[in-house]
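Data block below; observations after.
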Amino acid sequence: VQLQAYGGGLVQAGGSLRLSCAASGSIPSVYAMGWYRERPRRSRELVAVFINGSNTEYADSVRGRFSLTRDNAKNAVYLQMDSLKSEDTAVYYCAMKQHWFDKNIWGQGTQVTVSS
């Protein structure tokens with residue numbers, strides 16, 4: 045399984061970006077799929093993730109500003125990021141688990157830079 049992420053870039057504070065991630069390969073099931081990020085000098089953290097087909101988790105810092113959607117037919121997820129802040133500057137990583145006991149499969153990171 046490979047994850048391909050798109051959509052990072054440079055945006056002014058208050059602006060919007062949309063990240064896309066598509067999985068390819070043999071994917072009989074998806075337990076969880078979503079986005080993490082690594083901000084400068086911080087460890088990787090969860091941003092938003094679909095879990096077990098029905099639950100969506102958001103980091104407190106993005107709830108109400110970011111929205112995670114998916115296209116099951118394409119094994120894809122999309123992260124709409126609105127009202128961006130400078131503290132959202134990070135490398136964003138797409139991740140997926142096929143089963144709850146698996147480790148995350150990671151896509152390549154995509155840089156999001158928010159200028160203040």
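Okay, so the sequence shown: first residue is 45 according to my numbering, each after it adds one.
C-beta: ideal position from N, C-alpha, C; glycine also.
Presumed contact (8 Å Cβ cut-off) between residue i and residue j, rounded CB distance
i    : j    : result
G78  : F94  : 6 Å
E82  : A103 : Incorrect: roughly 13 Å between the Cβ atoms, too far for contact.
T113 : Y122 : 5 Å
D115 : S60  : With a Cβ gap of about 19 Å, D115 and S60 do not count as contacting.
L47  : S159 : No, L47 and S159 are not in contact; Cβ-Cβ is about 27 Å, not under 8 Å.
A66  : A120 : 4 Å
Boundaries (first-last residue) of the beta strand (DSSP E) holding residue i
i    : result
T133 : Neither: T133 is in no beta strand (DSSP E) and is coded neither H nor E.
S159 : 154–159
Three-way DSSP call (helix, strand, coil) for residue i in this model
i    : result
A103 : coil
K129 : coil
A139 : strand
Residue environment, residue i, which counts as buried when at least 16 other CB atoms sit within 10 Å
i    : result
Y136 : buried
V91  : buried
A117 : exposed
G108 : exposed
Cutoff 8 Å: residue i Cβ touching any chain C Cβ
i    : result
S105 : Chain labels in this structure do not include chain C; a single protein chain is all it has.
Problem set entry | Completely contained beta strand (DSSP E) runs for the stretch 51–113, where each covers 3 or more residues | 53–56, 61–68, 76–82, 89–95, 99–102
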